[in-house]
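FYI, the numbering for the sequence shown is 4 to 253, going by the numbering used here.
Using N, Cα and C, we set each Cβ at its ideal position, and we do this for glycine too.
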Amino acid sequence: MNMEKMVLPNNLECYYLGKEETEYIFSEIFTEQQYFRYGITLNEGDCIFDVGANIGLFALFVSQFQKQVKIFAFEPIKPIFDVLQANTILHSLSNITLLNYGLSSENNSVKLFTFYPNMTGNSTTKPLEKLQQREVMNTVLNKDMVDYLFKSEEVRGEIRTLSSVINELDIKSIDLLKIDVEGEEYEVLKGINPNDWSKIKQIVAEVHDLEGRIDKIQVLLKSNGFNIKVEKNSLIPSTLNNFNLYAIRG
Numbered sequence: 004m005n006m007e008k009m010v011l012p013n014n015l016e017c018y019y020l021g022k023e024e025t026e027y028i029f030s031e032i033f034t035e036q037q038y039f040r041y042g043i044t045l046n047e048g049d050c051i052f053d054v055g056a057n058i059g060l061f062a063l064f065v066s067q068f069q070k071q072v073k074i075f076a077f078e079p080i081k082p083i084f085d086v087l088q089a090n091t092i093l094h095s096l097s098n099i100t101l102l103n104y105g106l107s108s109e110n111n112s113v114k115l116f117t118f119y120p121n122m123t124g125n126s127t128t129k130p131l132e133k134l135q136q137r138e139v140m141n142t143v144l145n146k147d148m149v150d151y152l153f154k155s156e157e158v159r160g161e162i163r164t165l166s167s168v169i170n171e172l173d174i175k176s177i178d179l180l181k182i183d184v185e186g187e188e189y190e191v192l193k194g195i196n197p198n199d200w201s202k203i204k205q206i207v208a209e210v211h212d213l214e215g216r217i218d219k220i221q222v223l224l225k226s227n228g229f230n231i232k233v234e235k236n237s238l239i240p241s242t243l244n245n246f247n248l249y250a251i252r253g
């Protein structure tokens, strides 16, 4: 799959697969700074788990103002992972460890993903949850553009539990757990063993609130000592139940 290079509004270069979506994610991360609200902070030397790293824009953003943080970037879909790797090389990010697998509630080497080449950040294990999004996009974009964005193929990727990774990599502390996994948010958190919760200091997650997901996540986080703030994602149409969740250990 051919990646191309673009110059973002802040003159940062990056490789990408889908131009329209890359511009949207840039505004979410760099312009709106949606991952750093409600007291979410980073210090030099912190350890970040970037779960659902996509093409690496979050890692690029963080590395601009904190050069000494240690980032573990998880991306299970190989064509997206290749772009993530290219962006890491392009910007000489020596503080990032790339991991070509995702996190969930189980260890499974052949998990099925729906991969959207022109909208990579929407790639998911739960494509039925994208039907409502497609309906909304049909009201604001022409049919050809929607068909282009939702062009998809099924690919296989590996998933592991967060605790298995903590154990394997001998992680002592996760100062920020960032989760953007298109429907698997609760599963990622279910993959944390009871004795590992105390290692996690802050969580920021994009949550697709279907089937009571946001309530289940809040119950789980509160029971593990987190104070939580939830807000609607202002860049996404209000008819879609997309929220940003911020959790800091109390």
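When only Cα atoms are considered, serine 108 and arginine 216 end up about 15 angstroms apart.
For glutamate 188, the uninterrupted alpha helix (DSSP H) segment begins and ends at 188 to 193.
Nearest C-alpha to isoleucine 177 among Arg40, Gly48 and Tyr18: Gly48. Two segments are said to touch when three or more pairs of C-beta atoms, one from each, lie closer than 8 angstroms; by this definition the segment 218 to 229 does not touch the segment 107 to 125. Cβ-Cβ distances below 6 angstroms link isoleucine 195 to Leu165 and Ser166 in the same chain, with the five nearest sequence neighbours on each side left out; the list follows chain order.
The beta carbon of cysteine 50 sits closer than 7 angstroms to the beta carbons of Lys73, Ile174, Ser176, Ile177 and Asp178 from its chain, once the five residues preceding and following it are set aside; these are given in chain order. Taking 9 angstroms as the cut-off, the beta carbon of lysine 232 is found no closer than this to the beta carbon of tyrosine 38.
Asparagine 170 is classed as exposed because its beta carbon has fewer than 16 other beta carbons within 10 Å across all chains shown. Taking each of Gly228, Val210, Val184 and Val207 in turn and checking the Cα distance to aspartate 199, the smallest one comes out for Gly228. In this structure, asparagine 111 and lysine 81 do not form a Cβ contact; the two beta carbons are roughly 16 angstroms apart against a cut-off of 8 angstroms. By the neighbour-count definition (other C-beta atoms within 10 Å, threshold 16), lysine 133 is a buried residue.
The segment 142 to 162 makes no contact with the segment 200 to 216; the number of CB pairs closer than 8 angstroms stays below 3. Going by C-alpha positions, glutamine 69 is about 22 angstroms away from arginine 252.
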